Amino acid sequence: MLVEIDNLSIAFPSPTGDSLAVRGVSLKLGAEKLGIVGESGSGKSLTARSILKLLPPQAKVAADRLTFDGIDVLRAGEATMRGIRGRRAGLIMQDPKFSLNPVMTAGEQIAEAWRAHKKGSQRQARAAAIELLDQVRIRDPKRVAGAYPHELSGGMGQRVMIAMMLAPDPEMLIADEPTSALDATVQAEILRLMEDLVARRGMALILISHDLPLVSHFCDRVAVMYAGRVVEELSAAGLAQATHPYTRGLLDCMPTLSHPKPRLPVLARDPAWLT
Amino acid sequence: MSDTPLSLRDWLLTDTPESRRQAAWGRLYRLWRDFRGNGLAMAGLITVILLIVLSLAAPLLATHDPATQNLANRLAKPSAAHWLGTDELGRDVYSRLLFGGRVTLGMVVAVVLLVAPLGLVIGCVAGYVGGAADRILMRVTDVFLAFPRLILALAFVAAIKPGVTSAIAAIALTAWPPYARLARAETLTIRNTDYIAAVRITGASGLRIILRHVVPMCIGSLVVRVTLDMSSIILTAAALGFLGMGAQPPSPEWGSMIATARRFILEQWWVPTIPGIAIFVASLAFNLLGDGLRDVLDPKQR
Amino acid sequence: MIDIGDLRVRFGEVEAVKGVSFHVARGAAFGMVGESGSGKSTVLRALSGLNPDWSGRVTIDGVAMTPRRGRDFYRRVQMVFQDPYGSLHPRQTVDRALSEPLLVHGIGDIDRRIRAALAEVALPAAARFRYPHQLSGGQRQRVAIARALMSEPEVLLLDEPTSALDVSVQAEVLNLLADLQARRDLTYVMVSHNLAVIAHLCPMIGVMQGGEMVEQIGVDDLRAGRTKHPHTAELRALSTELEEA
Chain A
0 MLVEIDNLSI
10 AFPSPTGDSL
20 AVRGVSLKLG
30 AEKLGIVGES
40 GSGKSLTARS
50 ILKLLPPQAK
60 VAADRLTFDG
70 IDVLRAGEAT
80 MRGIRGRRAG
90 LIMQDPKFSL
100 NPVMTAGEQI
110 AEAWRAHKKG
120 SQRQARAAAI
130 ELLDQVRIRD
140 PKRVAGAYPH
150 ELSGGMGQRV
160 MIAMMLAPDP
170 EMLIADEPTS
180 ALDATVQAEI
190 LRLMEDLVAR
200 RGMALILISH
210 DLPLVSHFCD
220 RVAVMYAGRV
230 VEELSAAGLA
240 QATHPYTRGL
250 LDCMPTLSHP
260 KPRLPVLARD
270 PAWLT
Chain B
0 MSDTPLSLRD
10 WLLTDTPESR
20 RQAAWGRLYR
30 LWRDFRGNGL
40 AMAGLITVIL
50 LIVLSLAAPL
60 LATHDPATQN
70 LANRLAKPSA
80 AHWLGTDELG
90 RDVYSRLLFG
100 GRVTLGMVVA
110 VVLLVAPLGL
120 VIGCVAGYVG
130 GAADRILMRV
140 TDVFLAFPRL
150 ILALAFVAAI
160 KPGVTSAIAA
170 IALTAWPPYA
180 RLARAETLTI
190 RNTDYIAAVR
200 ITGASGLRII
210 LRHVVPMCIG
220 SLVVRVTLDM
230 SSIILTAAAL
240 GFLGMGAQPP
250 SPEWGSMIAT
260 ARRFILEQWW
270 VPTIPGIAIF
280 VASLAFNLLG
290 DGLRDVLDPK
300 QR
Chain C
0 MIDIGDLRVR
10 FGEVEAVKGV
20 SFHVARGAAF
30 GMVGESGSGK
40 STVLRALSGL
50 NPDWSGRVTI
60 DGVAMTPRRG
70 RDFYRRVQMV
80 FQDPYGSLHP
90 RQTVDRALSE
100 PLLVHGIGDI
110 DRRIRAALAE
120 VALPAAARFR
130 YPHQLSGGQR
140 QRVAIARALM
150 SEPEVLLLDE
160 PTSALDVSVQ
170 AEVLNLLADL
180 QARRDLTYVM
190 VSHNLAVIAH
200 LCPMIGVMQG
210 GEMVEQIGVD
220 DLRAGRTKHP
230 HTAELRALST
240 ELEEA
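Chains as they are written, first to last, in numbering that gives the first Met the number 0: chain A, 0 to 274; chain B, 0 to 301; chain C, 0 to 244.
What follows is the structure, encoded as structure tokens:
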């Protein structure tokens, strides 16, 4: 198992005592694609980021077990974590506009990521950057390598971001809503690209999203989170057989083209789901 | 509201206020709670309040008439009779300091009351209306910004006649451009937000949008800037006084007190040093207060 | 009710909307779908008077519109914005936001109207004196809808009204919009990137691409796949592909 999470809880101090954002989550991940789905505030991003120890400083983390490839993340120091972050596990965020450096060209940023882990010459790095841009299926990698982030479209920027994360040959990618800032046509391309890369390189992928059908379409397994808990874990193919009323409610309340509903069913939140 | 079973604190902190007034007080109380947590800022606030109270109560607290001369007892050391000694004309420094605070702090308050609304309105109008109005207003602002504050104020006072009123006018004349710039910059970002678009959609007039929706958003950063600026206004007022362009003798003013006593700095150092300390304390207090207010009011810093 | 002919909008050198025409009957709902940069929101902004730099023909209820609109126009046409976090003034309570349109139009009986408006969008009366940051995203969008309804408009322009919301909240807001339309006989023009959302609320849909409306299609034809333009077919395929999963 690459990642093992057992009974993870994350709390934030507030004036009225600690408020739990993640309550007793357990997950296991091998070389597969895991989707974590939930609404805003369900704790899905925090859970995934805890693996890289990328949490806000005031967060209080506790777990019976939280390991990445056998390394105890909870007790690991910053130096160990730096060896994991970026090098062995990459993080792709929602909006490439905010995660790319605006004053460096795309090529320079990828080359820098590559050099930081591979220790090659400038020239090798530049060649590697163009090779990576080609891998993320950018048609004209030389031109894109010389472009600044503001000259790139959203989909292009996200490809550059993925190329950067692939530079050190990571074993795992965490994609936090990687396509929610993108158009539907681009979204499908990016997801297909990630699916393909993950399969070819034998990487693990954690895809975090609020979009249940989308995630189940691209992942092997889906964990549905609600209010800091995993309420249901399913194989993606078995989505239609979901039993938890929350999962069912999420599926039902979406308008669809193929099954018109005169009125959308509204999700009735049961307080029992919290226990 | 004391007839409610709730404590005042609960009333202020409730998530479900029952009136506009309660909601507004609740917001203020939350700001105050944040502010109270900042020790330095509280020290600044307390010092400022103390200085104002001391100045207002000067007639009660003064031990002597600030204008009464006693040439037989000039440049005396601090003693039981004269707590902070006497100046070159034998006047009681402690009493002059109290009355001088009225002049100096009064000048600062007057300048701020003149300058802040002026800068705010000019900046908001320029930023919201844009186009030619913006260009004209901002070029005028730039012209005033281009002069060093003290030199422009000096020229202005020299052209009229030295005195407290012209010093206030002179400082005001040089102090408003930064506020206009600040308010304009804020307005430019506010202007394009959806909540202003939503007000425009209601059909509200430009003036109404500026006064009721844009200005309240600018006030926070303006208050911060004003408190941070207080110290420099005090220093400018003191500098004008020092150069004989501000308050005229025998009226006590901290700057002119230093100016007239500077000859004695080596032998009777306390005579010019004591008003200097007053200026220093007042400037520092306003600065600390401004820093604290920024932490609470300026959303960009959070 | 709304008639638009050859609407063009320029931003400097770029023509963002290149001659769009459509018609919306009174009490109907017209949807515009397209990707970012397709010009769908620009059309809505020109219609709302927020962007005065357009040319072409815009008539509402038989009256030709000029780029600058009077107060009367805003009494009859209102808009709901995409981001409920950004469309409410952060320093104003719900009460203040709702009373503003009434004050602007000189409508009296403010207290009763605000209470009625809150009830109509199913917000608790206790929400009246809260600030936006004390409300959830769905509650904020309800406030924005209530604000748009204060002046009792006939036309509501909806700019991605649910895309910043979680799906469960989206369902509630869509239901609310459907109820309001039925109850008040409102005319809707709605913009979204989500074809399923548009199709849920609008019987007639205009597909935008590159500043042009490439196809106008009835919702039954769309559901049945009787599309004429390849872009419509592509958007439809992307939407149904996920539904089959």
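Backbone N, C-alpha and C fix where the C-beta goes; we use that ideal spot for every residue, glycine too. Values in this document were obtained by computation on a predicted structure and should not be read as measured data.
What do you get for residue i, buried or exposed, if any count of 16 or more other CB atoms within 10 angstroms of its CB means buried?
i	result
residue 132/C	exposed
residue 299/B	Reliability of the predicted coordinates at residue 299/B is poor, the pLDDT of 47 falling under 50, and the value obtained from them is presented with this limitation in mind. Answer is exposed; the Cβ neighbour count stays below 16.
residue 199/C	buried
residue 42/A	buried
residue 86/C	buried
residue 192/C	buried
residue 81/B	buried
residue 313/B	With chain B represented from 0 up to 301, any question about residue 313/B goes unanswered, as that position is not in the structure.
residue 175/B	buried
residue 48/B	exposed
residue 142/B	exposed
residue 45/B	exposed
residue 57/A	exposed
residue 212/A	buried
residue 205/C	buried
Tell me residue i's beta-bridge partners as DSSP assigns them.
i	result
residue 208/C	211/C
residue 158/C	190/C
residue 5/A	64/A
residue 231/A	223/A
residue 203/A	171/A
residue 285/B	In the DSSP output, where bridge partners are listed per residue, residue 285/B has none listed.
residue 59/A	10/A
residue 71/A	66/A
residue 92/B	Beta-bridge pairing links residue 92/B to no other residue.
residue 84/A	88/A
In the structure shown, what three-state DSSP assignment does residue i receive?
i	result
residue 1/C	strand
residue 77/C	strand
residue 193/B	helix
residue 87/B	coil
residue 234/C	helix
residue 150/B	helix
residue 13/B	coil
residue 24/A	strand
residue 89/A	strand
residue 14/C	strand
residue 163/A	helix
residue 55/C	strand
residue 167/B	helix
residue 31/C	strand
residue 216/C	strand
residue 32/A	strand
residue 23/C	strand
residue 122/A	helix
Tell me, to the nearest whole angstrom, how far the beta carbon of residue i is from that of residue j; I am working on the premise that it is less than 8 Å.
i	j	result
residue 25/B	residue 13/B	7 Å
residue 162/B	residue 247/B	6 Å
residue 27/C	residue 186/C	6 Å
residue 146/C	residue 197/B	7 Å
residue 60/A	residue 28/A	Between residue 28/A and residue 60/A the Cβ distance is about 18 Å, and since that is not below 8 Å, they are no contact.
residue 111/B	residue 225/B	6 Å
- Message: Does the contact criterion of 3 or more C-beta pairs under 8 Å hold for the region 133 to 146 of chain C versus the region 50 to 67 of chain C?
- Response: no
- Message: Does the structure place the region 120 to 129 of chain C close enough to the region 154 to 161 of chain C that three or more beta carbon pairs sit under 8 Å?
- Response: no
- When the Cβ atoms of the region 121 to 131 of chain B are set against those of the region 176 to 191 of chain B, are three or more pairs found closer than 8 Å? yes
- Query: Can we say the region 195 to 204 of chain B touches the region 68 to 78 of chain C, given the rule of at least three CB pairs closer than 8 Å?
  - Reply: yes
- Message: Any contact between the region 211 to 220 of chain A and the region 261 to 269 of chain A? By contact I mean 3 or more CB pairs, one from each, below 8 Å.
- Response: no
- Looking at C-beta atoms only, is the number of pairs between the region 87 to 104 of chain B and the region 67 to 74 of chain B that lie closer than 8 Å three or more? yes
- Task: Determine contact between the region 165 to 178 of chain A and the region 111 to 125 of chain A, defined as no fewer than three beta-carbon pairs at a distance below 8 Å.
- Result: yes
- Task: Mind the definition here: the region 104 to 121 of chain B touches the region 271 to 278 of chain B only if three or more C-beta pairs lie below 8 Å; say whether that holds.
- Result: no
- Could you say if the region 135 to 147 of chain B and the region 95 to 107 of chain B meet the contact criterion of at least three C-beta pairs nearer than 8 Å? no
- Query: At a cut of 8 Å, does the region 94 to 114 of chain A reach the region 143 to 161 of chain A through at least three beta carbon pairs?
  - Reply: yes
- Take every Cβ of the region 121 to 136 of chain A, pair it with every Cβ of the region 39 to 53 of chain A, and state whether three or more of those distances are shorter than 8 Å. no
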